[in-house]
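The block underneath contains the structure these notes are about, expressed in structure tokens.
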Amino acid sequence: MSTSVIREREDDDERSRSPKRSRVGDPTEEHVVEITERRDQPESILPPSHILLGNGLPLLTPGQFRQLLESDVGISEYISRGILPINGIIKQRFTDFLVNEVDLDHQVVHIKSLDKPASSPKKEKTSEITPEQTSTDGPLPAASGGPSTQADAGPSESSKVTLPEAPSALSGNDEATLNDEVVWDDQFVKLLSPFLSETSVAQLKEMYLEGPEPLRVSDSGWGGRVAKGSDNNEPAERGKQGTSQTLESDTRSSSARNRGKDRNTRRGRGGRQSGRSQVEREDNRKVLSEPISSKATRTAVHKVVRDLFKGKLDSETDTSDPTGDDGSRIVIKWSKRGVGRGGAQGRGGRPSRGDYPPYIHFTMQKTNRDTQDALAYLSRTLHVNVKDLAVAGTKDKRGVTIQRVSLRRGNKTVEDVWKAANQIGRRSVQDAVSQRGERGIRIADLNYRKASLELGMLKGNQFVITLRNVQTDSIENIERAMNSMKHNGFINYYGMQRFGTAAVPTHTIGLAFLKSDWHKAVALILQVRSGEHPDVVAAREAWLVDGDLDRALALMPRRVVAERCILESYKKQGGDTRNAMGALSTIPRNLRLMYIHAYQSYVWNAIVSERIRMHGPHKAVPGDLVFETEPSGTAEGADRELDSSLATVEGLRADEDDDKSVRTSKKSQKAPWVPPKVKTLTDEDVHKYSIFDVIMPLPGRDVAYPGGSLGDRYREFLKLDGLDPDNFVRKQKEYTLNGSYRKILQLPKDLSWSVLRYTDPDVALAQADEDKLLGFDPPSVIEDGKFLALQVDLTLGTAAYATMALREVTKTETSSHFQTGLTQASEDQQFRGTGTATMQDADEEMADLEE
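Under my numbering, the first residue of the sequence shown carries the number 410, and numbering increases by one thereafter.
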């Protein structure tokens, strides 16, 4: 790691700024950093409180890297210590770790179809509308929000219209909304009458039922011109073609009429019937209220219009023609959102892109990619800002995971998104539905929705986990271990994923953030670490050793998000590295806050281990903390999501534009956090609570610490790391920690297990949704296989780690480097490629993503 000469700077939010850095060989100046030989400082990697864990620091020779172990992050205890370990390898193959999100309706998210979605409404056969129907309901709504085909005189028995189906991509309430797009409800009159005169209400009804596009004017009155010799009973679609022709000929000069005579008038199968040939018409329709003097009443009118018409109509106060003491009028007119060139129909008869709800939701399956990396890839593929994508929760990297994703779509349709994600053009549609998704990403089951996903909008995750090369004394020992977890649960530790897989742990970076040590945070993020892709190592070396910023950026892969953000910030500043805090602020907010939450998780793990060592894992004791309102006395309370800081820290989206649909979400996120009421158990009430009721705080403001020596130990950890246990407020508000509470034990749901046999470790023993739909052969059981595997199915609540559940069974280190070592040393590796399965495991296709 390189060193820098630091010059103090006054009146700065930071404690120090480093001087400007230049490449080696450039003329030196007073403010230039001298680049020295990198040296390893393993003692500075872990927080000072690490000594309280009793592990000691390793002695490393230069060039060696410290690999993180469970004990380094406070993970050390077990519930079932009396049961013999069951050795097995976790995540040997990607398909050994399958994760399916459980949504708020308790439904497990699966991919249902790989087919292209239908975005445009399909047209049904024309339907007769009788005078009795129209006399009650008023004029018939225009199809798809387009121009009405009825005459001024009202509907006749021969009137026919085309009634479109709702887009198949719509779901739930969204579909009903579009089906009833311009239906006038009798309740409208009742609700509008207190504010509008009878005449205004009648005018509003007439304008609303005309649809979002003004009616066309031709020599046959309102409506489309009927071609000469046409039958009055022809479908309205023919009338629309005539209208398009008439409008075009009436608005062009004779010379224009002769030039390109047949352009844009194709009518063959698949040809255009409208679109560019149509001339955009200004909509001057509006309804005026009587003058209203009361501002409160005018506000009420705006609210009624907004609530009744769901954004289809706009209302505004007319300030152009003041009416003195009588007050101001309210102007009501059709909203312009979604009405573009060619009217609501758009080009080729397709509905306007604005006619659908503002979000698209889809199911994403990712293989060996972390959530942020997958979203970044999708943002590039879809040509959207990554801020426009949101998920309900983050998922493991090494595995195959399935979850819902929301996209603020702008003017994109579900068809657009599906084609872009499947790279249609470079690939055919047939390839997209018969081959695995590009770069380990598959999206499916797209539909329109009214709102975005937010972190925490899920009930948990369902897992199918396969342990390979299981070593145990007997099958009965497996049964004992699994039954113990079924009834006694497991310690609800934050898993190793929280702390990263690199030699520089994320909780150490988080501590630097909390101490406002911006330069140390930058140094830790950019530091060279073992096991990385050669391009990443070369990029780090280019900057840290050679000071070559351009080369570092050229080499650094886009998936290495934090490092690229810092280097790009330095580039924008002309190589000036003094504003370390500014460089860090360019890292996506959720990633910055995940560093901080990693430190919280580290302290929480350490204190929970102290609690289990002191009092055991089987009952509540005086001094334990519980929620005042949840004295369940059973394990049921363990599944309730209580980790509010996870929503605060782990995945907040940085939606910082002025989009109205986002402002509502941001407002809800900024609602003041109210800490839940907790109590410290005493000898008098401890018998009312079970071990599954016991909670432990994550450090932050407005949380209570446990009583007795455990509370003292908590404060000792924080003080040794240079933090004030009673002050987590920071000048940078986003780094102010609210704190939270988390159950110390977790009880899995729907737990089941089976013992399998296999020989070839490359043959999958479980199958992901995508492969099932592609028709790949399902995994087959080999009765006489040489090796034993344990397959575990379970469902966990949010913020629980499946690897920590498995750890209770295996009693084996779960860190990735340790598991990799087990795989390499495993006896089953010599049988690779001996299987007869025809299905290629996804691991082989994804080898280029392996880091």
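All C-beta atoms, glycine included, are put in the ideal place defined by N, C-alpha and C.
Are the Cβ atoms of residue 1122 and residue 1019 separated by less than 8 Å? yes
Among 497, 1179 and 899, the one whose alpha carbon lies nearest that of residue 843: 1179
Where residue 1227 sits in the DSSP three-state scheme: helix
Report the residue from 1092, 739 and 925 whose alpha carbon sits nearest the alpha carbon of residue 1033. 1092
Tell me where the alpha helix (DSSP H) around residue 1117 begins and ends. 1117-1129
C-beta atoms of residue 963 and residue 978 nearer than 8 Å: no
First through last residue of the beta strand (DSSP E) which encompasses residue 891: Per DSSP, residue 891 belongs to no beta strand (DSSP E); it is in the alpha helix (DSSP H), 884-897.
Taking the alpha carbon of residue 815 as the reference point, which residue from 827, 800, 809 and 509 has its own alpha carbon closest? 800
My output table needs one value for residue 948: the three-state DSSP class, helix, strand or coil. helix
What's the gap between the Cα of residue 949 and the Cα of residue 967? 14 Å
DSSP puts residue 517 in a beta bridge; with which residues? 511
Reference residue 961, options 969, 971, 970 and 976, closest by Cα: 976
Going by DSSP in three states, residue 710 sits in which element: helix, strand or coil? helix
Kindly list the residues whose CB is nearer than 8 Å to the CB of residue 862, restricted to its own chain and excluding five residues on each side of it in sequence; keep chain order. 770, 799, 800, 801, 813, 814 and 815
Taking all protein chains shown into account, decide if residue 1136 is buried (16 or more other Cβ within 10 angstroms of its Cβ) or exposed. exposed
Less than 7 Å between C-beta atoms, sequence neighbours within five positions excluded: which residues of the same chain meet that for residue 458? 1126, 1129 and 1130
Within 10 Å of its beta-carbon, does residue 1025 have 16 or more other beta-carbons around it, so buried, or fewer, so exposed? exposed
Name the DSSP beta bridge partners of residue 986, please? Bridge partners of residue 986: none, in fact.
Which first and last residues belong to the beta strand (DSSP E) in which residue 1158 is found? 1158-1167
Verify whether the separation of the beta carbon atoms of residue 476 and residue 1226 is less than 8 Å. yes
For residue 806, collect the residues of the same chain with a Cβ closer than 6 Å to its Cβ; drop the 5 residues on either side in sequence, then sort them by chain order. 779
What's the gap between the Cα of residue 841 and the Cα of residue 1217? 41 Å
7 Å CB neighbourhood of residue 1167 in its chain, flanking five on each side removed: 1174, 1191, 1194, 1196 and 1198
Opposite residue 1262 in the DSSP bridges: which residues? The structure shown has nothing for residue 1262, since the chain only spans 410 to 1260.
Residue 893 and residue 1163 - do their beta-carbons sit closer together than 8 Å? no
Which whole runs of the alpha helix (DSSP H) in the region 819-882 are 4 residues long or more, in chain order? 823-830 and 838-843
Identify every residue that forms a DSSP beta bridge with residue 1322. Within the shown structure, residues of the chain are numbered from 410 to 1260, placing residue 1322 beyond reach of any answer.
Skipping 5 residues on each side, what residues in its chain have a beta carbon closer than 8 Å to that of residue 713? 600, 601 and 604
Under 8 Å by Cβ, that's how I've got residue 498 and residue 1235 pegged, so tell me the actual separation to the nearest angstrom. 6 Å
Rounded separation between residue 1237 and residue 931 - CA only: 42 Å
Buried or exposed (CB count within 10 angstroms, at least 16 for buried), residue 1106: buried
Which stretch, first to last residue, makes up the beta strand (DSSP E) that contains residue 1150? 1149-1152
Could you tell me the alpha carbon to alpha carbon distance between residue 724 and residue 1154, rounded to whole angstroms? 54 Å
Outcome for residue 1023 when other beta-carbon atoms lying within 10 angstroms are tallied against a minimum of 16: exposed
Expressed to the nearest angstrom, what Euclidean distance is found between the alpha-carbon atoms of residue 1030 and residue 1090? 7 Å
Please classify residue 505 as buried or exposed, where buried requires at least 16 neighbouring CB atoms within 10 angstroms. buried
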